[in-house]
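*Asks:*
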Amino acid sequence: MHITLKCFATLSRFSPPDAEAFPAALNETVADIVARLGIPEDELKLVFVNGVHAPLATPLADGDRVGLFPAVGGG
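Residue numbers (our numbering): 2 to 76.
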């Protein structure tokens with residue numbers, strides 16, 4: 002199965018070249034994908050699956066859209 006994966010802001014350095022059709026195993030979770038990409042969990046702040054805030058333990062399905070966001074600071 003394949004998902005669409007977008008890594009935003011400072012996490013963009015972890016974006017794979019096949020992000021529009023990223024291969025994922027059946028019942029793989031967001032946490033599994035984060036680990037595969039080598040994203041340190043302390044850099045990850047928000048996860049969205051199909052436009053809805055989701056926990057790392059969310060299992061993924063074919064065609065899901067995953068957005069990964071770092072903490073954003075400002076002044």
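Glycine residues also receive a C-beta, built at the ideal position from the N, C-alpha and C atoms.
Is it right to say L6 is buried, meaning 16 or more other beta carbons lie within 10 angstroms of its own, or is it exposed?
*Replies:* Within the sequence shown, residue 6 is the residue found at index 5, counting from 1. Counting Cβ neighbours within 10 Å, L6 comes out buried, since at least 16 surround it.
*Asks:* For T59, which of helix, strand or coil comes out of DSSP?
*Replies:* Working through the sequence shown from its first residue, we reach residue 59 at position 58. Correct three-state label for T59: coil.
*Asks:* Can you tell me the Cβ-Cβ gap for F9 and P17, rounded? I've got them flagged as a contact below 8 angstroms.
*Replies:* Here the question's residue 9 lines up with position 8 in the sequence shown. Here the question's residue 17 lines up with position 16 in the sequence shown. Not a contact, Cβ separation roughly 14 angstroms.
*Asks:* Below 8 angstroms on the Cβ atoms is my guess for L12 versus E44; work out the distance and round it to an integer in Å.
*Replies:* The residue you call residue 12 lines up with position 11 of the sequence shown. The residue you call residue 44 lines up with position 43 of the sequence shown. Going by Cβ atoms, the distance from L12 to E44 rounds to 7 angstroms, so yes, they are a contact pair.
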